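Q:
There are 2 protein chains.
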Amino acid sequence: MASRLTDRTKDFSGWYQDVIDQAGLAEHGPVKGTMIIKPYGYAIWELIQAELDRRIKATGVVNAYFPLFIPKSFLEREKEHVVGFSPELAVVTHAGGQDLAEPVVIRPTSETVMYDAYSRWIKSYRDLPLLLNQWCNVVRWELRTRLFLRTSEFLWQEGHTAHATEDDAQARTIQMLEVYRAFVEDFLAIPLFVGQKTEAEKFAGALRTYAIEAMMGDGKALQMGTSHNLGQHFAKVFNVQFLDEKNTLQYAWQTSWGVSTRVIGGVIMVHGDDRGLALPPNIAPIQVVIVPIGAEPTVAARAAEICDELLVLNIRVHLDARTELTPGFKFNEWEVKGVPLRLELGPKDLAAKQVVLVRRDSGEKQMVGWDALADTAQKLLKEIQQSLFDRAQKFQKEHITTAVTYDEFKALIESKPGFIEVTWCGDESELEPIKAETKATSRVLPFDQPEPTGKCFYCDKASKRKIYFAKQY
Amino acid sequence: MASRLTDRTKDFSGWYQDVIDQAGLAEHGPVKGTMIIKPYGYAIWELIQAELDRRIKATGVVNAYFPLFIPKSFLEREKEHVVGFSPELAVVTHAGGQDLAEPVVIRPTSETVMYDAYSRWIKSYRDLPLLLNQWCNVVRWELRTRLFLRTSEFLWQEGHTAHATEDDAQARTIQMLEVYRAFVEDFLAIPLFVGQKTEAEKFAGALRTYAIEAMMGDGKALQMGTSHNLGQHFAKVFNVQFLDEKNTLQYAWQTSWGVSTRVIGGVIMVHGDDRGLALPPNIAPIQVVIVPIGAEPTVAARAAEICDELLVLNIRVHLDARTELTPGFKFNEWEVKGVPLRLELGPKDLAAKQVVLVRRDSGEKQMVGWDALADTAQKLLKEIQQSLFDRAQKFQKEHITTAVTYDEFKALIESKPGFIEVTWCGDESELEPIKAETKATSRVLPFDQPEPTGKCFYCDKASKRKIYFAKQY
């Protein structure tokens with residue numbers, strides 16, 4: 000176990016892979032590009048899923064389940080959609096012992112199969128809004144894969160709504176973006192860049208795409224979630240129509256929005272450090288690990304009591320009672336696994352009626368009397384949740400720079416990891432040459448836009464908007 | 000909406016399909032054999048999943064996630080397994096824009112892909128037992144499909160454990176069967192037949208298969224869950240080996256066990272009646288529906304208050320405030336949907352400070368004063384849960400018959416729906432002719448076996464065991 004991690008300042012990717020290995024989060028499956036999510040990694044996903052599901056349902060959305068298999072012809076109906084997804088499709092041509100008359104694709108996303116059903120379910124304005132979500136696996140065949148970030152199959156939730164008016168659809172698009180923002184900031188302790196995507200980066204078939212993006216520990220961007228205003232594009236293709244209050248047939252206005260297991264990659268790359276994973280307490284499968292020191296039965300007995308005392312407070316606590324391993328080995332293992340708080344109890348602590356608490360985020364140690372333990376543990380878990388957010392926000396602020404000219408932009412891309420803020424004219428044709436030359440792409444157009452004052456960093460035209468660029472995962 | 004159901008005494012299948020349609024549980028997807036689980040049906044599955052997950056975890060099992068895609072060669076390694084599943088496989092031959100060098104199958108079950116990982120994860124007896132479960136979709140291509148009962152894709156949990164000894168594996172196999180029995184009887188209110196399957200009916204690759212089986216409203220059998228002792232079959236094929244305490248290399252002993260969305264079909268067919276679905280309160284997404292009578296604002300206001308009062312008791316309550324529909328229409332709709340308890344509140348009730356409660360199971364009505372409402376509602380929900388079980392058990396007992404000879408057996412199969420109990424010699428070669436002639440198959444060999452006294456119902460040889468036969472879904 001206690002092997003060393005790759006130096007993250009020299010090889011961030013190598014470090015990332017090491018953390019996933021050594022923390023026991025996931026590994027590659029036998030079919031290229033697939034991922035096995037191991038129990039510790041899956042326990043994180045279960046906590047993410049439960050909380051995000053609760054927050055999504057609180058907005059009136061209910062869950063359903065649509066099929067894995069989609070007729071190939073469905074994908075081909077919406078022009079931009081098929082162009083966007085065709086290169087990544089996995090196709091079933093043979094099933095039940097014979098070749099299929101029409102090939103079937105495995106869902107890369109479920110707009111088409113869901114909206115075909117919506118066209119049957121929605122008849123009148125009384126059926127709107129229709130607010131559905133599903134938790135499922137999707138498949139996008141990838142050649143270059145990386146665990147959690149890009150795999151051929153991944154787990155996610157995809158919400159799909161239909162509305163009577165354009166305004167309602169836009170409001171829902173922004174509402175779900177805000178649900179994601181609040182969830183990621185409060186729960187994953189990851190500060191975000193929130194805003195609209197450029198045309199070049201929007202979802203295949205959307206009118207407008209909005210995203211939450213985070214800055215990883217190497218300064219690169221990771222898209223953590225997206226919310227799309229689909230306009231009436233899909234409604235027109237799949238005949239999602241309703242009779243309005245005046246008995247006139249109208250096309251519905253639609254939205255879709257999703258968050259995937261990819262966010263676990265974000266947690267690793269934002270909070271991880273030289274000692275491995277560091278988990279925000281809100282998503283830590285083990286929030287407090289108890290490590291008894293020495294083999295005395297009185298210590299073991301008291302450790303078990305403390306475990307029970309913390310359990311009843313709804314703290315996720317684990318007693319590491321393995322006798323064949325040294326405390327040092329265990330300390331290292333739970334550090335790599337990112338457990339927020341370690342509780343040590345040895346013979347001297349027993350005599351002094353105290354425990355030693357060690358914070359994973361800062362390494363700070365403190366002695367705490369048994370009487371104060373419950374309160375202190377709860378207080379520290381809250382503090383660690385906040386301190387991880389603060390640390391990430393400080394890093395983020397230190398790695399946002401501003402470029403006025405394209406020369407400055409190129410110099411910054413070369414010299415300093417992070418996001419670059421520029422003033423941009425909005426000419427989408429500029430994005431491809433910028434990407435080709437610098438590997439940086441447009442991230443988001445933030446909502447808080449200053450009055451357009453300056454010039455475009457790239458072409459000198461009158462500037463329209465503030466935008467962030469970065470290299471991305 | 001308020002359409003009539005097919006007469007279940009004349010056409011049970013037609014009635015089943017009508018209930019699913021009219022209760023809004025599910026419908027067929029566009030690819031043949033697939034199923035869309037609609038929000039109301041999925042809410043039932045979420046309640047089943049949450050409770051079963053809790054009970055599985057209480058036995059020390061943790062969740063993980065393994066890939067949808069399995070190399071075709073993996074399936075082919077275990078001889079019985081490949082023979083069992085080959086006819087039902089869906090195969091991906093084309094992905095990411097090109098033909099695949101090795102075709103990939105979509106998991107019909109995950110023994111092979113999981114045990115390949117187990118062979119890497121398990122090194123020593125200290126790594127055992129390994130107790131994993133996953134919630135996922137699986138695909139078994141079917142030509143004749145029926146919603147919930149047999150679809151090309153379905154949702155389930157599959158548990159997979161590895162143990163150091165044969166005894167441990169057998170104990171786990173029986174333990175999980177008991178988890179299933181308790182869950183289905185307590186939670187789904189369905190009385191069961193529990194026991195071992197014959198060789199003819201066991202899982203492809205198992206040493207022994209145990210099952211819980213239920214009798215549907217037409218007397219036919221539905222397998223509700225299975226638990227397999229896999230012996231060392233898969234361990235030998237996938238090299239799942241460990242060093243025991245004496246440092247000797249041993250093959251692990253394994254089990255697998257699963258329950259699927261099929262159980263929802265069981266709930267429909269056991270509890271449903273001439274008025275539609277009847278849900279046990281434990282899995283009812285709506286336990287109490289409130290229907291205000293008339294349009295008076297004071298009634299609406301009091302109905303909303305009552306809704307809140309029941310909500311805080313953790314009763315799943317829904318206020319049907321739709322103004323465009325008559326109470327009669329609503330009554331019918333919630334009856335078809337199987338809501339256990341209907342609460343009516345009209346102007347007269349308001350004056351009398353009472354509500355009318357109507358039980359879905361018995362149709363029984365009672366006036367209840369507001370003061371007693373909370374207690375009465377909770378009491379009635381418990382009673383309904385029990386009464387559905389009792390009703391199903393009574394039906395079951397009335398539909399178990401005993402046959403001493405094969406002529407009696409054939410006469411019973413023709414004349415009376417239900418299960419037939421016989422004494423059987425255990426000669427597996429007899430099962431195929433019995434099935435061919437009568438369509439009845441061996442269900443389970445119950446655990447409580449009498450001393451072998453009689454003769455085999457089929458061949459007159461000295462009998463070995465008591466066994467149930469029935470036609471099955």
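Quick mapping for you: the protein sequence lines, in order, are chains A and B. For the first sequence, numbering that gives the first Met the number 0 gives the first residue as 0, with consecutive numbering after it. For the second sequence, numbering that gives the first Met the number 0 gives the first residue as 0, with consecutive numbering after it. Even for Gly, the Cβ is constructed at its ideal location relative to N, Cα and C. None of the values given here were measured: they were computed from a predicted structure.
#1: Taking Cβ to Cβ, would you say A/M223 is nearer than 8 Å to A/V262?
#2: Determine the closest residue to B/R358 out of B/A277, B/K409 and B/T8, with distance taken between C-alpha atoms.
#3: Count the other CB atoms within 10 Å of the CB of B/G362; is the residue buried (16 or more) or exposed (fewer)?
#4: What is the rounded straight-line gap between the Cα of A/C306 and the Cα of B/K122?
#5: Alpha carbon to alpha carbon, how far is B/E141 from A/L309?
#6: Say whether the region 13-31 of chain B touches the region 257-275 of chain B, bearing in mind that this needs 3 or more beta-carbon pairs closer than 8 Å, one atom from each stretch.
#7: Taking only beta carbons into account, state which residues of the region 110-128 of chain A come closer than 8 Å to chain B, listed in chain order.
#8: Does DSSP classify A/W252 as helix, strand or coil?
#9: Does chain B have any CB closer than 8 Å to the CB of A/Y179?
#10: From this set, B/E429, B/G32, B/V60 and B/W369, which residue's C-alpha is nearest B/R149's C-alpha?
#11: If you drop the 5 nearest sequence neighbours on each side, which residues of the same chain put their C-beta closer than 6 Å to that of A/G218?
#12: Looking only at DSSP bridge pairs, what is B/E152 linked to?
#13: Taking C-alpha atoms, which residue in B/K37, B/N228, B/F192 and B/A100 lies nearest to B/F147?
#14: I need the DSSP call for B/D521, collapsed to helix, strand or coil.
#15: Answer yes or no: do B/E244 and B/Y124 have a C-beta to C-beta separation smaller than 8 Å?
#16: Where A/V239 and A/T452 are concerned, what is the direct C-alpha to C-alpha distance, given to the nearest angstrom?
#17: Do B/V103 and B/K71 have their CB atoms nearer than 8 Å?
#18: Quick check on DSSP: helix, strand or coil for A/I36?
#19: Which residues in the same chain as B/L131 place their Cβ atom closer than 8 Å to its Cβ, once the five residues preceding and following it in sequence are excluded?
#20: Answer yes if the region 433-446 of chain B comes into contact with the region 394-413 of chain B, meaning at least three C-beta pairs across the two stretches below 8 Å, and no otherwise.
#21: What does A/P445 pair with, by DSSP beta-bridge criteria?
#22: Please return the same chain residues whose Cβ sits closer than 6 Å to the Cβ of A/F68, not counting the five positions on each side in sequence.
#23: Alpha carbon to alpha carbon, how far is B/L127 from B/S151? Give it in angstroms, no decimals.
#24: I'd like the span of the alpha helix (DSSP H) that includes A/N331, first residue to last.
#25: Below 8 Å between beta carbons is the criterion; list the residues of the region 57-82 of chain A that meet it against any residue of chain B, in chain order.
#26: On the DSSP letters alone, give me the boundaries of the beta strand (DSSP E) that B/V288 sits inside.
#27: Buried or exposed: where does A/F446 fall if 16 or more other Cβ atoms within 10 Å of its Cβ makes it buried?
#28: Could you pull the start and end residues of the beta strand (DSSP E) that A/K364 belongs to?
#29: Going along chain A in order, which residues have a C-beta closer than 9 Å to the C-beta of B/P86?
#30: How many whole angstroms separate the CB atoms of B/W252 and B/A168, which I take to be in contact at a CB cut-off of 8 Å?
#31: Under 7 Å Cβ-Cβ, which residues of chain A neighbour B/K37?
#32: Alpha carbon to alpha carbon, how far is A/I386 from A/D360?
#33: Tell me whether A/Y124 sits in a helix, a strand or coil according to DSSP, three-state version.
#34: Quick check: what's the CA-CA separation for B/P284 versus A/F73?
#35: With distances taken from CA atoms, which of B/E45, B/G345 and B/F186 is nearest B/T297?
#36: Are any of the Cβ atoms in chain B nearer than 8 Å to that of A/L131?
A: To lay it out plainly:
#1: In the first sequence, the residue the question calls residue 223 of chain A occupies position 224. In the first sequence, the residue the question calls residue 262 of chain A occupies position 263. In this structure, A/V262 lies closer than 8 Å to A/M223 by Cβ.
#2: Locating residue 358 of chain B in the second sequence gives position 359, counting from the first residue. Out of B/A277, B/K409 and B/T8, B/A277 has the C-alpha closest to the C-alpha of B/R358.
#3: Position 363 of the second sequence holds residue 362 of chain B. By the neighbour-count criterion, in which a residue is buried when 16 or more other Cβ atoms sit within 10 angstroms of its Cβ, B/G362 is exposed.
#4: By one-based count along the first sequence, residue 306 of chain A stands at place 307. By one-based count along the second sequence, residue 122 of chain B stands at place 123. Taken atom to atom, the span from the alpha-carbon of A/C306 to that of B/K122 is near 29 Å.
#5: Translated into the one-based positions of the second sequence, residue 141 of chain B becomes position 142. Translated into the one-based positions of the first sequence, residue 309 of chain A becomes position 310. Roughly 50 Å between the two C-alpha positions.
#6: At 8 Å Cβ cutoff, the stretches touch.
#7: The residues in question are V112, D115, A116 and R125.
#8: Position 253 of the first sequence, counting from 1, holds the residue named residue 252 of chain A. Three-state result, A/W252: strand.
#9: Walking along the first sequence from the start, residue 179 of chain A turns up at place 180. Chain B contact via Cβ: absent.
#10: Here residue 149 of chain B refers to the residue found at position 150 of the second sequence. The residue with the shortest Cα to Cα distance from B/R149 is B/G32.
#11: For this step, residue 218 of chain A is matched to residue 219 along the first sequence. Counting only Cβ-Cβ distances below 6 Å, and skipping sequence neighbours, we find H398, P416 and G417.
#12: Here residue 152 of chain B refers to the residue found at position 153 when the second sequence is read from its first residue. For B/E152, which the question treats as bridged, DSSP gives the partners B/V138.
#13: Mapped onto the second sequence, residue 147 of chain B falls at position 148. The option with the nearest alpha carbon to B/F147 is B/K37.
#14: Nothing in the structure corresponds to residue 521 of chain B, since chain B is present only between 0 and 472.
#15: Here residue 244 of chain B is taken as the residue at index 245 of the second sequence, counted from 1. Here residue 124 of chain B is taken as the residue at index 125 of the second sequence, counted from 1. It is a contact, given that the beta carbons lie within the stated cut-off.
#16: In the first sequence, counting from the first residue as 1, residue 239 of chain A sits at position 240. In the first sequence, counting from the first residue as 1, residue 452 of chain A sits at position 453. A straight-line Cα-Cα distance of about 43 Å links A/V239 and A/T452.
#17: Here residue 103 of chain B corresponds to residue number 104 of the second sequence, with the count starting at 1. Here residue 71 of chain B corresponds to residue number 72 of the second sequence, with the count starting at 1. Between B/V103 and B/K71, the CB-CB gap stays under 8 Å.
#18: On the first sequence, position 37 is the one that residue 36 of chain A refers to. Secondary structure at A/I36: strand, using DSSP grouped into helix, strand and coil.
#19: Taking the first residue of the second sequence as position 1, residue 131 of chain B is located at position 132. Answer for B/L131: V60, V61, N62, A63, M113, G158, H159 and T160, listed in chain order.
#20: Enough Cβ pairs lie closer than 8 Å, so yes.
#21: Walking along the first sequence from the start, residue 445 of chain A turns up at place 446. Note: A/P445 sits in a beta bridge opposite A/G194.
#22: Translated into the one-based positions of the first sequence, residue 68 of chain A becomes position 69. Here the set comprises V103.
#23: Locating residue 151 of chain B in the second sequence gives position 152, counting from the first residue. Locating residue 127 of chain B in the second sequence gives position 128, counting from the first residue. Taking the straight line joining both Cα atoms gives about 34 Å.
#24: Start at 1 with the first residue of the first sequence, and residue 331 of chain A comes out as number 332. Judged by DSSP secondary structure, A/N331 falls within the alpha helix (DSSP H) whose first and last residues are P326 to V335.
#25: Answer set for the region 57-82 of chain A: V61, N62, A63, Y64, F65, P66, L67, F68, I69, P70 and F73.
#26: Locating residue 288 of chain B in the second sequence gives position 289, counting from the first residue. Its beta strand (DSSP E) spans residues V287 to P291.
#27: In the first sequence, the residue the question calls residue 446 of chain A occupies position 447. The residue is exposed, with fewer than 16 neighbouring Cβ atoms inside 10 Å.
#28: The residue given as residue 364 of chain A occupies position 365 in the first sequence. For A/K364, the enclosing beta strand (DSSP E) begins and ends at K364 to G368.
#29: Working through the second sequence from its first residue, we reach residue 86 of chain B at position 87. Scanning chain A for C-beta atoms nearer than 9 Å to the C-beta of B/P86 yields G95 and G96, reported in chain order.
#30: Translated into positions along the second sequence, residue 252 of chain B becomes position 253. Translated into positions along the second sequence, residue 168 of chain B becomes position 169. Right, their Cβ atoms sit about 4 Å apart.
#31: On the second sequence, position 38 is the one that residue 37 of chain B refers to. Per Cβ cutoff of 7 Å: A63.
#32: Taking the first residue of the first sequence as position 1, residue 386 of chain A is located at position 387. Taking the first residue of the first sequence as position 1, residue 360 of chain A is located at position 361. For the record, residue 386 of chain A in the displayed sequence is Ser; it is not Ile. A straight line joining the alpha-carbon of A/S386 with that of A/D360 spans about 8 Å.
#33: For this step, residue 124 of chain A is matched to residue 125 along the first sequence. Judged by DSSP in its simplified three-state form, A/Y124 adopts helix.
#34: Start at 1 with the first residue of the second sequence, and residue 284 of chain B comes out as number 285. Start at 1 with the first residue of the first sequence, and residue 73 of chain A comes out as number 74. Near 32 Å, if we compare the C-alpha coordinates of A/F73 and B/P284.
#35: Within the second sequence, residue 297 of chain B is the residue found at index 298, counting from 1. The shortest C-alpha separation from B/T297 is found at B/G345.
#36: As a position in the first sequence, residue 131 of chain A is number 132, starting the count at 1. Yes, contact with chain B.
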